[in-house]
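In my numbering, the protein residues as written are 466 to 925. Glycine included, every Cβ here is placed at the ideal spot set by N, Cα and C. Accompanying notes for the structure given below.
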RNA sequence: GGCGCCAUAACCAAGCGGUAAGGUAGAGGUCUGCAAAACCUUCAUCUCCGGUUCAAAUCCGGAUGGCGCCUCCA
């Protein structure tokens with residue numbers, strides 16, 4: 466498989482560093498509020514990548530962090546800790562907040578059929594590993610102390626800015642954040658912060674009580690679970706300039722080698738062709754989709770239909786289209802399942818190859834979806850194509866085997882009574898009465914669908 | 001102000017020099033008392049202007065338009 470590496474700006478063949486297992490780390494959520502569907506796009510990307518690697522025969526070990534401490538309101542060490550701020554506003558402890566939103570997060574990724582990484586690790590449970598790095602970076606001269614913390618000295622790391630093509634001088638001129646005068650360089654960043662007494666989350670260190678900087682958690686935990694050097698690191702494009710740049714600086718300085726071989730970044734989800742925004746109310750949650758009657762998996766389908774490295778535009782019209790496509794695809798799968806006709810073996814091979822080739826080329830799942838549809842729509846319905854499609858679904862994760870659009874729902878007695886009357890009217894070929902009853906039922910919020918096997922009543 | 005991305009049918013979206021995948025909507029059809037659903041068929045020369053080439057949506061230059069980051073965010 467070839468993937469685009471943000472670090473080298475090239476597509477590269479992915480070969481496990483240890484010749485056995487791809488070790489990948491993905492930046493996870495900061496659990497201070499609900500994750501919106503934009504966040505989910507990145508986690509879906511991680512999932513598509515892992516499933517594809519598995520499909521193509523790679524062994525994979527994946528790790529994702531849960532950030533429950535240290536992530537300040539600004540990525541570049543300004544402002545309050547996000548967890549603390551939320552805790553303060555809601556009169557709960559940071560631990561309560563973390564617990565609530567971690568559960569919500571796991572629930573959401575479950576609904577989106579995102580496999581859990583092999584290791585899900587919490588920042589607050591790895592303070593020792595972080596302090597170990599901080600201590601050594603300080604001792605090795607990569608960091609210095611100020612009145613409020615320990616800062617990484619980017620002048621000691623010549624490659625700083627390589628990932629994002631940073632023009633450090635230009636950055637300084639454009640910086641809008643207040644300048645911390647104790648920092649030697651504006652881009653120097655905190656790896657450890659000294660804690661004021663009232664700070665709830667704090668741990669003992671050689672500089673007194675404190676808490677970790679945000680970026681250090683990923684360096685410490687990835688190293689703990691994946692080793693000094695590993696294959697893949699994923700995240701959203703927003704992390705390229707600060708978070709990942711800092712991670713590279715810390716990790717590489719710590720092990721004196723290149724820690725991560727390949728960096729992959731997922732583009733943003735936009736809404737109505739613009740930035741997703743909490744203030745405009747477009748930072749939708751998975752539960753918002755459900756409230757409008759969409760399956761979370763319809764959103765998954767939507768994300769499968771565009772390349773991870775391209776911005777995807779979310780609209781309600783779009784999710785509607787995705788849901789319909791998903792329904793139809795499932796119907797087609799069912800049709801193949803129930804058929805005993807023979808499919809052309811060569812054709813099956815062709816589809817299989819097309820699908821693999823698409824995945825192998827930098828995870829081109831939208832292209833692979835073309836093959837999925839061509840296979841599904843093939844004029845001969847065959848159980849072998851059913852098997853093929855279910856094989857593809859190992860990557861897609863759409864649960865194509867379930868019946869959609871025919872879900873049994875709780876029907877109120879009043880409605881089913883009316884439906885009974887309508888059934889009777891139809892038996893009598895009293896079409897006028899039957900149509901009136903259908904209208905009545907419709908006005909009560911239910912929809913009647915006549916099928917060869919009888920009436921189907923659905924909500925909406 | 002600095003950096004970068006994108007521009008393909010009504011909408012979403014592949015395409016990476018050899019003559020436009022796929023999905024949704026629309027249109028036509030099969031089925032049905034009707035409707036819906038389902039299924040089948042059908043639907044674009046790639047923002048504009050130059051250039052390179054036997055050949056360009058694909059490469060180069062320019063114009064116009066949209067978006068993102070640099071500030072919280074995946």
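query	result
Beta-carbon proximity of residue 799 to residue 847, cut-off 8 angstroms	no
Counterpart residues of residue 671 in DSSP-defined beta bridges	673
Segment limits, alpha helix (DSSP H) that includes residue 819	810-825
Distance between residue 715 and residue 638 (C-alpha atoms, nearest Å)	Summary for residue 638: the model assigns pLDDT 41, below 50, so the residue's position carries little reliability, and this model does not support an answer.
Residue 638, DSSP secondary structure in three states	Because residue 638 carries a pLDDT of 41, less than 50, the predicted location of this residue cannot be relied on, and the following value inherits that uncertainty. In this structure, residue 638 counts as helix in the three-state DSSP scheme.
Touch test, the segment 497-506 against the segment 731-747, Cβ-Cβ under 8 angstroms, three pairs minimum	yes
Residue 798 (DSSP reduced to helix, strand or coil)	helix
C-beta atoms of residue 655 and residue 615 nearer than 8 angstroms	yes
Neighbourhood of residue 836 by C-beta distance below 6 angstroms, restricted to the same chain and skipping five residues each side	816, 819, 820
C-alpha distance - residue 681 paired with residue 674, whole-angstrom precision	17 angstroms
Helix, strand or coil at residue 880 [DSSP, three-state]	helix
Residues that DSSP places opposite residue 611 in a beta bridge	614
Endpoints, beta strand (DSSP E) assigned at residue 655	654-659
Residue 466 and residue 699 closer than 8 angstroms at C-beta	no
Element boundaries [beta strand (DSSP E), containing residue 586]	584-587
Candidates 604, 559, 529, 598, of which the one nearest residue 586 by Cα	529
For residue 492, three-class secondary structure by DSSP	coil
Neighbour-count burial assignment, residue 845, 16 or more Cβ in a 10 Å radius	exposed
Contacting residues, own chain, Cβ-Cβ under 8 angstroms from residue 951 (five flanking each side not counted)	Residue coverage of the chain in this structure runs from 466 to 925, which leaves residue 951 outside it and unanswerable.
Length of the line joining the Cα atoms of residue 558 and residue 549	8 angstroms
Burial state of residue 546, where buried means 16 or more other Cβ atoms lie within 10 Å	buried
Own chain partners of residue 695 with C-beta closer than 8 angstroms, once the 5 adjacent residues on each side are dropped	482, 488, 489, 490, 687, 724, 725, 726
Inside the segment 688-749 only - alpha helix (DSSP H) runs reaching at least 4 residues	710-720
Through-space distance from residue 789 to residue 603, alpha-carbon basis	57 angstroms
Contact under 8 angstroms by Cβ, residue 801 with residue 851	yes
Bounding residues of the beta strand (DSSP E) (the contiguous stretch that carries residue 916)	911-916
Beta-carbon separation (whole angstroms), residue 706 vs residue 812, contact threshold 8 angstroms	Not quite, the Cβ-Cβ distance comes to about 47 angstroms (not below 8 angstroms), so this is no contact.
Beta-carbon proximity list for residue 628, same chain, < 7 angstroms, skipping 5 on both sides	471, 472, 705, 709, 710, 713, 728
Residue 775, buried or exposed, once every other Cβ within 10 Å from all chains shown has been counted against 16	exposed
Buried versus exposed call for residue 516 [16 or more other C-beta atoms within 10 Å across all chains shown]	buried
Helix, strand or coil at residue 919 [DSSP, three-state]	strand
Helix, strand or coil at residue 468 according to DSSP, with G and I counted as helix	strand
CB-CB length for residue 834 against residue 770, believed under 8 angstroms	6 angstroms
Separation of residue 772 from residue 642, as counted between CA atoms	Any reading at residue 642 is ruled out, since the residue's pLDDT is 47, under 50, leaving its predicted position unreliable.
Helix, strand or coil at residue 509 [DSSP, three-state]	helix
Between the CA atoms of residue 751 and residue 735 - distance to the nearest angstrom	15 angstroms
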